[in-house]
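Below is one structure, written out as structure tokens; the observations come after it.
Protein chains: 2
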Amino acid sequence: MKQLSTKITDTFWNNYRRLVKDQLIPYQWAVINDEINVTIQQENANTLNASEKSHAIQNLKIAAGLKKGKFYGFWFQDSDVYKWLEATAYALRYAPDKELQNKADGLINLIANAQEADGYLDTYFQLESPDRKFKHVSMSHELYCMGHYIEAGVAYYQTTHNQQALDIAIKMANCIDHNFGPETNKLHGYPGHPELELALAKLAEVTADSRYTDLAAYMIDQRGTEPNFFAQQALERETAHISELFNNMDPDPRSKYFQNQKPVRKMDTADGHAVRMAYLLTGMAHVARQNHDQTLIKSCQRLWQNITNKQMYITGGIGSTVAGEAFTFDYDLPNDTMYCETCASCAMTFFAKQMQELEPNSEFTDIIERELFNGTISGMSLDGKHFFYVNPLEVNPEASAKDPTKSHVKVQRADWFGCACCPPNLARLVASVDQYLYTTTNNTIFCDQFISNTTSFDNGIKIEQTSQYPWSGKINFTITATQGNNPDIAIRIPGWSIDDYQIKVNQQLITPTLKNGYWYLTDLPNGTTNVVLTLNMSVRQTQANPLVTADVGKVAIERGPLVYCLEEADNGPHLAQFSVTNQPNFVTELDDTDLPIKFIKITTHGQKINNTITDLYSAVQKLATPDQTLTFIPYFAWANRTPGEMQVWINRA
Amino acid sequence: MKQLSTKITDTFWNNYRRLVKDQLIPYQWAVINDEINVTIQQENANTLNASEKSHAIQNLKIAAGLKKGKFYGFWFQDSDVYKWLEATAYALRYAPDKELQNKADGLINLIANAQEADGYLDTYFQLESPDRKFKHVSMSHELYCMGHYIEAGVAYYQTTHNQQALDIAIKMANCIDHNFGPETNKLHGYPGHPELELALAKLAEVTADSRYTDLAAYMIDQRGTEPNFFAQQALERETAHISELFNNMDPDPRSKYFQNQKPVRKMDTADGHAVRMAYLLTGMAHVARQNHDQTLIKSCQRLWQNITNKQMYITGGIGSTVAGEAFTFDYDLPNDTMYCETCASCAMTFFAKQMQELEPNSEFTDIIERELFNGTISGMSLDGKHFFYVNPLEVNPEASAKDPTKSHVKVQRADWFGCACCPPNLARLVASVDQYLYTTTNNTIFCDQFISNTTSFDNGIKIEQTSQYPWSGKINFTITATQGNNPDIAIRIPGWSIDDYQIKVNQQLITPTLKNGYWYLTDLPNGTTNVVLTLNMSVRQTQANPLVTADVGKVAIERGPLVYCLEEADNGPHLAQFSVTNQPNFVTELDDTDLPIKFIKITTHGQKINNTITDLYSAVQKLATPDQTLTFIPYFAWANRTPGEMQVWINRA
């Protein structure tokens, strides 16, 4: 069974999708073409100020022989162009635009011209270091960049049937296949930054050519074997670094940073760079499905459990430390020093979707919901023009300004980044959110997300879903069947509402039983069936496992799929002095500020310390904690007003 | 009035002084002479592994023309030798040792031979870069190293009357005076790392030559003026760095790091590198006293207030961030990422002593006590053989191992350091602790610290102080006067006991009144007067100002001058799950483990969360918190057993 076409009719998501199409895609096009001056934010106090301009299209033009000049920018700058192309491919599906499509067609032609005869394409090495291709694979990002093109080429081909887009991808994959593999005359390597694996799995599907799956599977299992490929390359290299930019970054070739400290099948914990790990897992799960590889599936499940049960923030963020943008260890989730890169939340969404495709279970689609409504979209301002790389759970502007170890924690979203991975990553996710609504198996349609849409399937089933989600928990499904022998319709019951929800089928309340977190509508008759799911939208107080040192004695406020936070703009400063009472009376109301998105805010009577102390240290005394109205706003909406403190985890009285 | 001689008879401090004399001084002598192999601990994940050996004496020998070879080690390696010499000078006062004195005399001869004809001495520049002397003063440490020699030379001269030791110092100071000053042909500069200022003030006293005070005063006021001296030198330099070691460290020449972002008289907050700031303040207070400079005194007072009321840890530690080993901002006192360098606590002790000399007040001597009994001696293991650079208030060994941003927070003390500033700094403080017991003015002897001793003064007064401090709060003073016209004896009443203490004079309870935190015994008759001070040694629960985000809802346990902590060795893991009840019943008893120092431990019935939760996030539920015995040990004694968690600030139930 296949999902044929989806039209999203959702107020909340169509706003984001409009922003991506109308703001982000044109803005990034101008950036990669150096048509606008961008103020580049320094990532943190330890990093160099990165590129002042993108030069990414220019690099391709030089490689294509259309311009003279030198390479400029990060050595992985090509990927910016490809992620723009991929986002555009998805956006054109919901917002056809001939002019934009012409631009993209022209870009593909340029890329074809920049690609070498053997399929190789990486403008940094073509222009700067042609003799060092594939010689520093740990840090070169050649396979990463080509992986991103392959994803983009596949997506663009699927949208527009532009054969050239797909041909470039195939030629590229063939080039990699020619250079990497088990044969003695090939490199026994794998990407330094995983990405290619998941791209090859996609290419295998669109081309129905299992060679690409085989190549991805080879790379996945080659990772972590001895002799260590990156260490071997380091020994063989004459000079240490591929780029000046790179002077101070050359991690141990056998390290958690690269996820090659051991074979992936032997990994019990997610380690190292969080985005790399989640991309790798996405590819692993996809390849495991294509190859029916049960032990690889087990590895994915084990690492999924480790991340989601021990290393994930309540916002869906991953990466507990800025050092290496990495996982640290189980239950280490500091709120004010973490990384939680927007890209990492996007990557977790990709991984979760692949896990769902392996065997549908709400544990996966609950996480997709957590990511979609929290840790991913928090990466973009409500006007679609500013972006976060790092998504903190607690911010003190003075700390960000005055403690260099917190300098990566920004108080305001930036116009753009020197290393501009996050905005286009978020763009391609938002533009393709229709791909996360349903999962189909032979005999079941799984309704995974509550985003209003009309979708038709290849067996004549049509599902119309309408709601005011995430603000209202009442979701209407109008299901039309015509062909008989109809599939089951499985509707996700979110974990947060599992103890209190209601399902009506054609106005009749039913007593549901669940399987793997889904309620199954079986024996679907032809004609129209109406299902109304009502979820419990009460405000929830959530606690973290007490092994999370940072959250002991604290509570997070959630409602529906949304994590909420306190912001100084509503509550004044010194948020650490606020507490939620034991029996809070939460009031929900529509926010009346003039922000671009109307959202429901939550207020309650809490307490705030009346700080009458002037000494730094004094004998313990009970400080008065007079009532204080606490105003919570959705986490995704923070930092859209006057910069100030923000806090997700609040003290309990 | 002058303190003539002091014999310390204190069990607690004589143990430390014996360790310094018998362990630390011989050990460091072997280190600087490269007689033993030392395992050097990497300071943190961002630093290079520093020198593998010291080579410091060898550098001097090469500079003296006695050996051939090249400079090796940090470019400020000379200072290690000088701090050894200074500690030795003090140790010889309480533990005369002809062999050690011969070594020191020989060393002074070597130093004299290494010194150039004009008085200059810095082996790095003499051997590696003679044409660049005083050309990169911001980072060169030439003035810092010479400052340390001047301190050492003065101390050694005072102990042994070795004239050569003083002559080297005078020649050195004259060289600096010849090169720096307001005259147009001189450099209008000041030390990149303050230290020289306080050394010059000491030299001015021993030589009774105010030129050295004038030079220090010039440097103090030149700091922060325009044109900025370091920026000017940066412009004039042809190459950027003085040393390869130095490649990645070259802070903005006009910056808080150097405390030259503005003139010191305009500073309202302590900023930048904490040790530098506290050394600078020590010099400022000393010079202000010598010059009766009232506005400079005001600046010292303002910055004293800022540090002690807003930027100091309860242990006396300063430096809230590892980045630049620096102050951050008011009330920013994170417990697990801070720096709190042992040297910084030593430096605060020096600063406090100079403030006390300006105008005696227990606010200064209370801080000296806090430093002496907590943040300084925590830098050394109880066997005197291992050392901390960083003194954390909360440690999780897994975080230190797995989060590079906490890699500077060590779980065990190291054998030695590549940059070995801390152990000899602590050594010279411990060896000179007799200098912190009393402060004298024209007509008053201030008894500042409760460390058993017998001290005679130049007006015939003798004070014998006996106690079991810090374990007991009963302190006996036997005061003998012979000459008439006797001074007042002022005894500090510690801030922590100010509401509950007792004074008996010749067995008679008196009703004391205090002035600036001191009780004054006036009209002292000739003969012997007995004073017994009894302090309140009840266990105290201390809270931080609620503006300290890290400590909201937490409590620290103190008794007498000591801060206590929980350690995993006594309490098991997961210290964040422990809490102190509201009405704890503290029991004090002598520790029965076989540690080298017997101390009083504190136990109480607290609570620990019974963690029945397996999910990472779940609906708030009240978790059982069964009774749990909490065992606290003195902070200085932590990390002398099996490595594990440690916590000073504990949750309140």
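Chains as they are written, first to last, in this note's numbering: chain A, 4 to 656; chain B, 4 to 656. From the three backbone atoms N, C-alpha and C, an ideal C-beta is built for every residue, glycine too. These figures come from a predicted structure and were not determined experimentally.
Practice task
Entirely within the stretch 71-110 of chain B and at least 3 residues each: give me those beta strand (DSSP E) ranges in chain order.
Solution key: For the stretch 71-110 of chain B, not a single whole beta strand (DSSP E) run of length 3 or above is found.
Practice task
Any chance you could list the beta strand (DSSP E) runs of at least 3 consecutive residues sitting entirely within the stretch 585-621 of chain A, in chain order?
Solution key: 590-593, 603-611
Practice task
Mind checking who residue 441/B pairs with in its DSSP beta bridge?
Solution key: For the purposes of this step, residue 441/B is taken as the residue at position 438 of the second sequence. According to DSSP, residue 441/B bridges with 450/B.
Exercise for the section: Might you give, ordered along the chain, the residues of its own chain that have their beta carbon closer than 6 Å to the beta carbon of residue 8/B, omitting 5 neighbours on each side? Expected result: Looking up residue 8/B in the second sequence gives position 5. Exclusion of the five residues before and after residue 8/B leaves 459 as the residues of its chain whose Cβ lies within less than 6 Å of its Cβ.
Practice task
Report the three-state DSSP secondary structure of residue 656/B (helix, strand or coil).
Solution key: In the second sequence, the residue the question calls residue 656/B occupies position 653. Coil.
Exercise for the section: Could you tell me the distance, in whole angstroms, from the CA atom of residue 601/A to the CA atom of residue 501/A? Expected result: Within the first sequence, the letter at position 598 stands for residue 601/A. Within the first sequence, the letter at position 498 stands for residue 501/A. About 27 Å.
Practice task
Would you grab the beta carbon distance between residue 506/A and residue 536/A for me? Rounded to a whole angstrom, and I think it's under 8 Å.
Solution key: Along the first sequence, one-based indexing puts residue 506/A at 503. Along the first sequence, one-based indexing puts residue 536/A at 533. Contact flag correct, Cβ pair sits at about 6 Å.
Handout entry: 6 Å CB neighbourhood of residue 488/B in its chain, flanking five on each side removed
Key = As a first step, residue 488/B is located in the second sequence; it is residue number 485 there, counting from the start. Closer than 6 Å at the Cβ level, and outside the excluded window around residue 488/B, lies no residue.
Practice task
Could you have a look at residue 14/B and say whether DSSP puts it in helix, strand or coil?
Solution key: Sequence index remark: in the second sequence, residue 14/B carries index 11 (1-based). Helix at residue 14/B.
Exercise for the section: Starting from residue 372/A, follow its DSSP beta bridges and name the residues at the other end. Expected result: Taking the first sequence and counting its residues from 1, one reaches residue 372/A at position 369. None; residue 372/A has no bridge partner.
Problem - chain A contacts from the stretch 296-321 of chain B (Cβ-Cβ distance under 8 Å) - result: 311, 312, 313, 315, 317
Practice task
Could you pull out every unbroken alpha helix (DSSP H) segment of at least 4 residues lying fully inside the stretch 332-412 of chain A, listed in chain order?
Solution key: 345-361, 365-373, 400-405
Problem - residue 203/B, buried or exposed, once every other Cβ within 10 Å from all chains shown has been counted against 16 - result: Translated into positions along the second sequence, residue 203/B becomes position 200. The residue in question, residue 203/B, is buried, as its Cβ has 16 or more Cβ neighbours within 10 Å.
Exercise for the section: List the residues of chain B whose Cβ lies closer than 8 Å to the Cβ of residue 562/A, in chain order. Expected result: On the first sequence, position 559 is the one that residue 562/A refers to. Chain B residues near residue 562/A: none, gap ~13 Å exceeds 8 Å.
Practice task
Inspect the CB distances between the stretch 13-28 of chain B and the stretch 568-582 of chain A and report whether three or more fall short of 8 Å.
Solution key: no
Exercise for the section: Flag residue 631/A as yes if its beta-carbon sits less than 8 Å from any beta-carbon of chain B, otherwise no. Expected result: Residue 631/A sits at position 628 when you count from the first residue of the first sequence. Taking Cβ atoms only, chain B never reaches closer than 8 Å to residue 631/A, which makes this a no.
Practice task
With a cut-off of 8 Å on the beta carbons, I'd call residue 331/A and residue 324/A a contact; round off their distance for me.
Solution key: Here residue 331/A corresponds to residue number 328 of the first sequence, with the count starting at 1. Here residue 324/A corresponds to residue number 321 of the first sequence, with the count starting at 1. Confirmed, about 5 Å.
Exercise for the section: Could you have a look at residue 276/B and say whether DSSP puts it in helix, strand or coil? Expected result: Within the second sequence, numbered from 1, the residue matching residue 276/B stands at position 273. Three-state result, residue 276/B: strand.
Practice task
For residue 544/B, return the contacting residues in chain A, with the cut-off set at a CB-CB distance below 9 Å.
Solution key: Along the second sequence, one-based indexing puts residue 544/B at 541. Those are 622, 623, listed as they occur along chain A.
Handout entry: Per-residue burial, residue 211/B [other beta carbons within 10 Å of its own, 16 or more giving buried]
Key = Your numbering for residue 211/B matches position 208 in the second sequence. So residue 211/B counts as exposed.
Practice task
Return the residues of the stretch 328-342 of chain B that lie within a Cβ-Cβ distance of less than 7 Å from chain A, sorted by chain order.
Solution key: 331, 332, 335, 340
Problem - Separation of residue 389/B from residue 137/A, as counted between CA atoms - result: By one-based count along the first sequence, residue 137/A stands at place 134. By one-based count along the second sequence, residue 389/B stands at place 386. The straight-line gap from Cα to Cα measures roughly 47 Å.
Problem - Cβ-based neighbour list, residue 17/A, same chain, cut-off 8 Å, excluding 5 preceding and 5 following - result: Position 14 of the first sequence holds residue 17/A. Same-chain partners within the cutoff: 11.
Problem - Delimiting residues of the beta strand (DSSP E) encompassing residue 491/A - result: For the purposes of this step, residue 491/A is taken as residue 488 along the first sequence, with counting starting at 1. From DSSP, the beta strand (DSSP E) with residue 491/A extends over 491-495.
Practice task
State the Cα-Cα distance for the pair residue 108/B and residue 165/B, rounded to the nearest angstrom.
Solution key: By 1-based counting over the second sequence, the position of residue 108/B is 105. By 1-based counting over the second sequence, the position of residue 165/B is 162. Computed Cα separation, rounded: 8 Å.
Practice task
Please go through the same chain and pick out, in chain order, the residues whose beta-carbon is closer than 7 Å to the beta-carbon of residue 90/A, but skip the five residues on each side of it.
Solution key: The residue labelled residue 90/A in the question sits at position 87 within the first sequence. So the qualifying residues of the chain are 23, 28, 427, 430, 431, 434.
Problem - Same chain, Cβ closer than 7 Å to residue 279/A, neighbours up to 5 away in sequence not counted - result: Your numbering for residue 279/A matches position 276 in the first sequence. Counting only Cβ-Cβ distances below 7 Å, and skipping sequence neighbours, we find 196, 197, 262.
Problem - Local conformation of residue 32/A per DSSP, three classes - result: For this step, residue 32/A is matched to residue 29 along the first sequence. Looking at residue 32/A - three-state DSSP - the assignment turns out to be helix.
Handout entry: Interfacial residues, the stretch 343-356 of chain B to chain A, with Cβ spacing under 9 Å
Key = none
Handout entry: Cβ-based burial, residue 348/A [other Cβ within 10 Å; buried from 16]
Key = Within the first sequence, numbered from 1, the residue matching residue 348/A stands at position 345. Buried: at least 16 other Cβ atoms inside 10 Å.
Exercise for the section: Please specify which runs of the alpha helix (DSSP H), each continuous and at least 4 residues long, are wholly inside the stretch 172-257 of chain B, giving them in chain order. Expected result: 199-210, 213-225, 232-239
Problem - Closest Cα partner of residue 590/B within the set 447/B, 30/B, 562/B - result: Taking the second sequence and counting its residues from 1, one reaches residue 590/B at position 587. Checking every option, the nearest Cα to that of residue 590/B belongs to 562/B.
Practice task
Check each residue of the stretch 577-607 of chain B: if its Cβ is closer than 8 Å to any Cβ of chain A, include it; give the result in chain order.
Solution key: 577, 579, 580
Practice task
Say whether chain B places a C-beta atom closer than 8 Å to the C-beta of residue 651/A.
Solution key: Residue 651/A sits at position 648 when you count from the first residue of the first sequence. Chain B contact via Cβ: absent.
Problem - Contact under 8 Å by Cβ, residue 654/A with residue 629/A - result: Sequence index remark: in the first sequence, residue 654/A carries index 651 (1-based). Sequence index remark: in the first sequence, residue 629/A carries index 626 (1-based). No, these two residues do not count as a Cβ contact at 8 Å.
Exercise for the section: Indicate whether at least one CB of chain A lies closer than 8 Å to the CB of residue 489/B. Expected result: Along the second sequence, one-based indexing puts residue 489/B at 486. False, the Cβ-Cβ gap to chain A never drops below 8 Å.
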